[in-house]
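Asks:
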Amino acid sequence: MYGYEWTKEYGIFRLTIDAKIIKEIRPVFHEELDFFGMDEFWDYPKDTDAPLLWAEGIRRYVMNGVPVAEAVGGGFYTKPTVNRLTEERLKLQPVDVKLLYEVNSSLMISLEQKAIGFIQSQYEKYKQKGYAFVCAFSGGKDSLVLLDLCAKALAPNDFYVIFSNTGMELSDTLKAVEKAKELYPELRFAEAKCHMEPDETWDEFGPPGRRMRWCCSVHKSVPTIIKLREITGRNDVKAVVFDGVRAEESARRAKYDEISEGAKNISQINVSPIHKWNTSEIYCYLLFNNVLLNSAYRIGMFRVGCKVCPLSSEWWDSIANLHYNNEISNLLSLVEAYAKRTKPETEFKKYIESGGWKARMGGRGLPNGGNRVIEQIRDNKFTLRIKSPVQNWLSVAPILGTITEQSKKKGIQKISDRNYTYNIRESDGNVQITYQPFSNMDRFCVSHLRGIAYKVAFCKGCKACVIQCPTGAFTIQADRKIFIRESMCVHCSNCLTFSEKSCLIAKSLSTTNLGGISVNMKGLNPYQHFGFRQAFLEHFFDTGMDCFSQNVLGNRQYDALKVWLKESKIIESDKNRALSISALGEKIMQMGPYNPFSWAIIWANLAYNSTICNWYCLNAEIGATYEKGDLVVMLGESASKSSRENAVTALSETLRMSPIGTALKQGMPIELSKNTFSYLRAGWDYPHAVALLYALYLYAEHTNRKSFTFSELANAHNNPDATGISPHDIYGIDVNAFREQVQGLATQFPKYIRVSFVANLDNIVLEDFSSLDVLDLAEED
């Protein structure tokens, strides 16, 4: 919330809204300095619990605001090295934490009072609605602050403190939980734990990845709700969960609201009282109140979480393995086994240490990975073939509606008030299910039958679906089999729509092509590793087709520019392969190379015609940050590593050196070090109306239909047969915002688009214009 500036007092900073310094900061204790052998160079006391100095940005040690050392390197197999920035033999002293608080008391008291008031107001609001209340406790610094605030804001019997024991906690975290119980004996502590051990889930799901974090649901949020149901005796219990999520922690969390209804599951509202606090405020509070109970922070940890985590930094990996080697060896061995299956023996450790494993997106390289469901539509029948099913179809299918068996293999099922006959055939451990008539099925019926198939093929009973059920109808038996209490099931399909492929294991293990549209990997890298730079487009707009003979750029750069211009539809070739500026190109040239609208039209066409851009639009999540190495790994193994690296280089250069990255927010560059960037796909929050309409007309032209539904657009991403790309995928727009924007288009351009968003109808109708015609609206604007 506030930045900080250093005072003249030793180790004391002052919080201020006008500060020039806004960095993550953490206290440094003697244990960390001992670990790095700094007592050889510096003098400091070892009989104090107070911090001795601070670290900014995790690795840079500062004394009174002056950098004195910096840690570099590190990984699972490598210890970081501390480079001193001064030869002086420093004399460190304990930071006066009481003085630190006194200097910042007015702001800290205000922060504390606001957080307490916020907790109390949300309690009063949701208490009237019959909600239960939970303080989510992990033993980390943020949850320690949250716990202390909840204890001050609410009476002990007003809420439960639930510690989600993932089975992957460090021993110091478990000790911190016991210390918290002793410090707050009046509070009602409970422990939630998954019925499956981490060794088993990692084996079944595969190692988690940055974009494949099944572990958070399976080992944290799901057990918490199940535990709350046990405590209250209510299967339909709804809970307000006070959590310690903070915006500063990541770009994704910065986009979270302080109150999020249904973000985790339908039974849960997340309330984040310290969402706007930063680490300087967190530590000021913890140190003064003496509630920094987790000793892991004393050895250099800046965040405390699971032993092996795909979101961890190289610093965490190194400190964790060096201090807690015996504790993390079991999970690290599973990462090593995965790496050995995907990389040569000589490269797997480097792959792990660089974090390559953290970019895992599917089942490639896993012994149980791969597609197990094949579907076919023929002769008015919808057929699903399931390889080695682990659940029984007739046990799971009642989710969709009542089944009337005519025999064990044939019968009738009523789905959304329509009757379908089904036939089940088993052969060699596989099963084939056919439903008909296909002509009566809407997209929901097809999607939901597909979801049932994924559950039958993959489900190992993790119980993620259980908490999505509002009535308690969906259960997992002791033998891990799905059982639907049919008299309680309201066929809401929440257990099918909560996750891609309707099953967390299916999502984790399936292998797919590059996005919903079939991609020819041979076209992945035609750019000679050069991106579509704004300077290149400016050069072309200045001189037209003559630019290719002017020798301003290098030959390979001109070759790349031709490809970008062709894929953007700015130039085209005739039957003799002679190049010329297209009608679209003529219109865009009038708008200029600096106009973000020009680049919005270019990006829409690249989404269809550039393999790498198409893949990025369909696979890069809104709010996620990617390094180049992440994207290379996410591309899979269908193309050579060099092709993938060159394609990602061209893409990242496009994001960095054109308005597509920053103005359209498709990949906002974040400098990590000199010439090294990560890219945040924040998404175009305020898209140009004509650009959005243009993308809708492109969708119509690629699907050969001028009418479609909003639901079709919203789900096109997950449809393997889709021939069009939804504008919300192209521009990275939140689906709810996209719906409002489409409604706005109908109001602004009634001659071009009509919509009907009433009850269950969500029809979109485009008029008899082309995407090229739509661009004239921008000239009128």
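First residue of the sequence shown: 46, per the working numbering; consecutive thereafter. No residue lacks a Cβ here, since even glycine has one placed at the ideal position from N, Cα and C.
Starting from Ile626, trace the beta strand (DSSP E) both ways and give me its first and last residue.
Replies: For this step, residue 626 is matched to residue 581 along the sequence shown. Element bounds for Ile626: Leu624 to Ile626.
Asks: Measure the Cβ-Cβ separation of Val267 and Thr246 and say whether it is below 8 Å.
Replies: As a first step, residue 267 must be located in the sequence shown, where it is residue number 222. As a first step, residue 246 must be located in the sequence shown, where it is residue number 201. Result no, Cβ atoms of Val267 and Thr246 do not sit closer than 8 Å.
Asks: Given Pro571, which residues of its chain have a CB within under 7 Å of its CB, disregarding the five upstream and five downstream residues?
Replies: The residue labelled residue 571 in the question sits at position 526 within the sequence shown. So the qualifying residues of the chain are Val608.
Asks: Report the residue from Ile314, Tyr744, Tyr661 and Leu743 whose alpha carbon sits nearest the alpha carbon of Arg726.
Replies: In the sequence shown, residue 726 corresponds to position 681, counting from 1. For the residues Ile314, Tyr744, Tyr661 and Leu743, the minimum Cα distance to Arg726 belongs to Tyr661.
Asks: Would you mind working out which of Ala669, Leu78 and Ile615 sits nearest Ser643, comparing C-alpha positions?
Replies: Indexing the sequence shown from 1 puts residue 643 at position 598. Taking only the C-alpha atoms, the option nearest Ser643 is Ile615.
Asks: Tell me the rounded alpha-carbon separation between Met241 and Gly777.
Replies: For the purposes of this step, residue 241 is identified with residue 196 of the sequence shown, where counting begins at 1. For the purposes of this step, residue 777 is identified with residue 732 of the sequence shown, where counting begins at 1. Met241 and Gly777: Cα-Cα distance of roughly 36 Å.
Asks: Considering just the uninterrupted stretch of the alpha helix (DSSP H) at Gln458, what are its terminal residues?
Replies: In the sequence shown, residue 458 corresponds to position 413, counting from 1. Premise fails: Gln458 lies in the beta strand (DSSP E), Lys455 to Ile460, not in any alpha helix (DSSP H).
Asks: Please determine if the region 414-422 and the region 440-455 are in contact, where contact requires at least 3 C-beta pairs separated by less than 8 Å.
Replies: Contact fails: fewer than three Cβ-Cβ distances are below 8 Å.
Asks: Within the same chain, show all residues whose beta-carbon is closer than 7 Å to that of Asn413, passing over the 5 residues directly before and after it, in chain order.
Replies: Counting from 1 along the sequence shown, the entry for residue 413 is found at position 368. Counting only Cβ-Cβ distances below 7 Å, and skipping sequence neighbours, we find Leu554.
Asks: If you follow the alpha helix (DSSP H) that Ser378 is part of, which residue opens it and which one closes it?
Replies: Sequence index remark: in the sequence shown, residue 378 carries index 333 (1-based). Where Ser378 is concerned, the enclosing alpha helix (DSSP H) stretches over Asn370 to Thr387.
Asks: Report the CB separation of Cys239 from Gly278 in whole angstroms; it is logged as a contact under 8 Å.
Replies: Here residue 239 refers to the residue found at position 194 when the sequence shown is read from its first residue. Here residue 278 refers to the residue found at position 233 when the sequence shown is read from its first residue. Between Gly278 and Cys239 the Cβ distance is about 21 Å, and since that is not below 8 Å, they are no contact.
Asks: Using the Cβ count rule (16 or more neighbours within 10 Å means buried), how would you classify Ile133?
Replies: As a first step, residue 133 is located in the sequence shown; it is residue number 88 there, counting from the start. The residue you asked about is not Ile; residue 133 is Glu in the sequence shown. Exposed is the call here.
Asks: What are the boundary residues of the alpha helix (DSSP H) that Tyr168 is part of?
Replies: The sequence position of residue 168 within the sequence shown is 123, counting from 1. Per DSSP, Tyr168 belongs to the alpha helix (DSSP H) from Ser150 to Lys172.
Asks: In the DSSP output, which residue or residues are listed as bridge partners for Cys351?
Replies: Position 306 of the sequence shown, counting from 1, holds the residue named residue 351. DSSP output for Cys351 lists Glu214 as bridge partner(s).
Asks: For Arg233, report the span of its alpha helix (DSSP H) as first-last.
Replies: Against the sequence shown, residue 233 aligns to sequence position 188. Not the alpha helix (DSSP H): Arg233 falls in the beta strand (DSSP E), residues Arg233 to Ala237.
Asks: Assess contact between the region 158-167 and the region 324-337, defined as three or more Cβ pairs (one per stretch) separated by less than 8 Å. Is contact present?
Replies: Touching, no, given that fewer than three Cβ pairs across the two stretches are closer than 8 Å.
Asks: Quick one: what's got a C-beta closer than 8 Å to Pro90's C-beta in the same chain, skipping five residues either side?
Replies: Residue 90 sits at position 45 when you count from the first residue of the sequence shown. Closer than 8 Å at the Cβ level, and outside the excluded window around Pro90, lie His75, Leu97, Leu137, Gln138 and Pro139.
Asks: What is the DSSP secondary structure of Ala177, reduced to helix, strand or coil?
Replies: Position 132 of the sequence shown, counted from the first residue, corresponds to residue 177. Here Ala177 sits in strand by DSSP.
Asks: Just mark Phe596 as buried or exposed, buried being the case when its beta carbon has 16 or more other beta carbons within 10 Å.
Replies: In the sequence shown, residue 596 corresponds to position 551, counting from 1. In the sequence as displayed, the identity of residue 596 is Asn instead of Phe. With fewer than 16 other Cβ atoms within 10 Å, it is exposed.
Asks: From this set, Lys455, Ser357 and Leu549, which residue's C-alpha is nearest Gly407's C-alpha?
Replies: Position 362 of the sequence shown holds residue 407. The option with the nearest alpha carbon to Gly407 is Leu549.
Asks: Between the region 485-500 and the region 534-544, do at least 3 Cβ pairs fall closer than 8 Å?
Replies: These segments touch.
Asks: Using beta-carbon positions only, say whether Arg405 and Gly254 come within less than 8 Å of one another.
Replies: Within the sequence shown, residue 405 is the residue found at index 360, counting from 1. Within the sequence shown, residue 254 is the residue found at index 209, counting from 1. Yes, they are a contact pair.
Asks: Return the Cβ separation of Val316 and Glu303 in integer angstroms, given the expectation that the two are a contact with Cβ distance under 8 Å.
Replies: To locate residue 316, count along the sequence shown from 1; it is residue 271. To locate residue 303, count along the sequence shown from 1; it is residue 258. Confirmed, Cβ separation roughly 7 Å.
Asks: When we look at the beta-carbon of Leu717 and count the other beta-carbons within 10 Å, is it buried (16 or more) or exposed?
Replies: Start at 1 with the first residue of the sequence shown, and residue 717 comes out as number 672. Per the 10 Å Cβ criterion, exposed.
Asks: So the candidates are Leu822, Ser801 and Leu338; which of them puts its Cα closest to the Cα of Phe794?
Replies: Here residue 794 refers to the residue found at position 749 when the sequence shown is read from its first residue. Phe794 has its Cα closest to that of Leu822, out of Leu822, Ser801 and Leu338.
Asks: Among the candidates Val353, Leu429 and Gly289, whose CA atom is the shortest distance from the CA of Gln477?
Replies: Mapped onto the sequence shown, residue 477 falls at position 432. Per the Cα distances, Leu429.
Asks: If you draw a straight line from the C-alpha of Val564 to the C-alpha of Leu651, how long is it?
Replies: The residue labelled residue 564 in the question sits at position 519 within the sequence shown. The residue labelled residue 651 in the question sits at position 606 within the sequence shown. Model confidence at Val564 stands at a pLDDT of 45, short of 50, so the residue's coordinates are unreliable; what they give is reported in the following sentence. Near 13 Å, if we compare the C-alpha coordinates of Leu651 and Val564.
Asks: Note down the Cα distance separating Ala684 from Asn659, rounded to an integer number of angstroms.
Replies: Along the sequence shown, read from residue 1 onward, the residue named residue 684 stands at position 639. Along the sequence shown, read from residue 1 onward, the residue named residue 659 stands at position 614. Ala684 and Asn659: Cα-Cα distance of roughly 16 Å.
Asks: Exposed or buried, which one is Gly289 when buried takes at least 16 other CB atoms within 10 Å?
Replies: Here residue 289 refers to the residue found at position 244 when the sequence shown is read from its first residue. It is buried - the Cβ of Gly289 has at least 16 other Cβ atoms within 10 Å.
Asks: Check the DSSP bridge columns for Pro714 and list the partner residues they point to.
Replies: Against the sequence shown, residue 714 aligns to sequence position 669. Pro714 pairs with Tyr724.
Asks: Do you know whose CA, among Glu54, Ile460, Leu215 and Tyr744, lies nearest Leu144's CA?
Replies: Locating residue 144 in the sequence shown gives position 99, counting from the first residue. Residue Glu54 is the option with its Cα nearest to Leu144.
Asks: DSSP three-state call for Val787: helix, strand or coil?
Replies: Locating residue 787 in the sequence shown gives position 742, where the first residue counts as 1. Helix, per DSSP.
Asks: Using the three-state DSSP reduction, which class does Trp660 fall into: helix, strand or coil?
Replies: As a first step, residue 660 must be located in the sequence shown, where it is residue number 615. Helix, per DSSP.
Asks: Using the Cα positions of Trp438 and Gly789, report the straight-line distance between them to the nearest angstrom.
Replies: Locating residue 438 in the sequence shown gives position 393, counting from the first residue. Locating residue 789 in the sequence shown gives position 744, counting from the first residue. Rounded to whole angstroms, Trp438 to Gly789 spans 44 Å at the Cα level.
Asks: What number of angstroms, rounded off, separates the C-alpha of Tyr328 from the C-alpha of Glu531?
Replies: The residue labelled residue 328 in the question sits at position 283 within the sequence shown. The residue labelled residue 531 in the question sits at position 486 within the sequence shown. Spanning the two alpha carbons is a distance of roughly 52 Å.
Asks: Given a threshold of 16 other Cβ atoms within 10 Å of its Cβ, counted over all protein chains shown, does Pro639 qualify as buried or as exposed?
Replies: Locating residue 639 in the sequence shown gives position 594, counting from the first residue. The residue asked about is misnamed: residue 639 is Tyr in this sequence, not Pro. Result: exposed.
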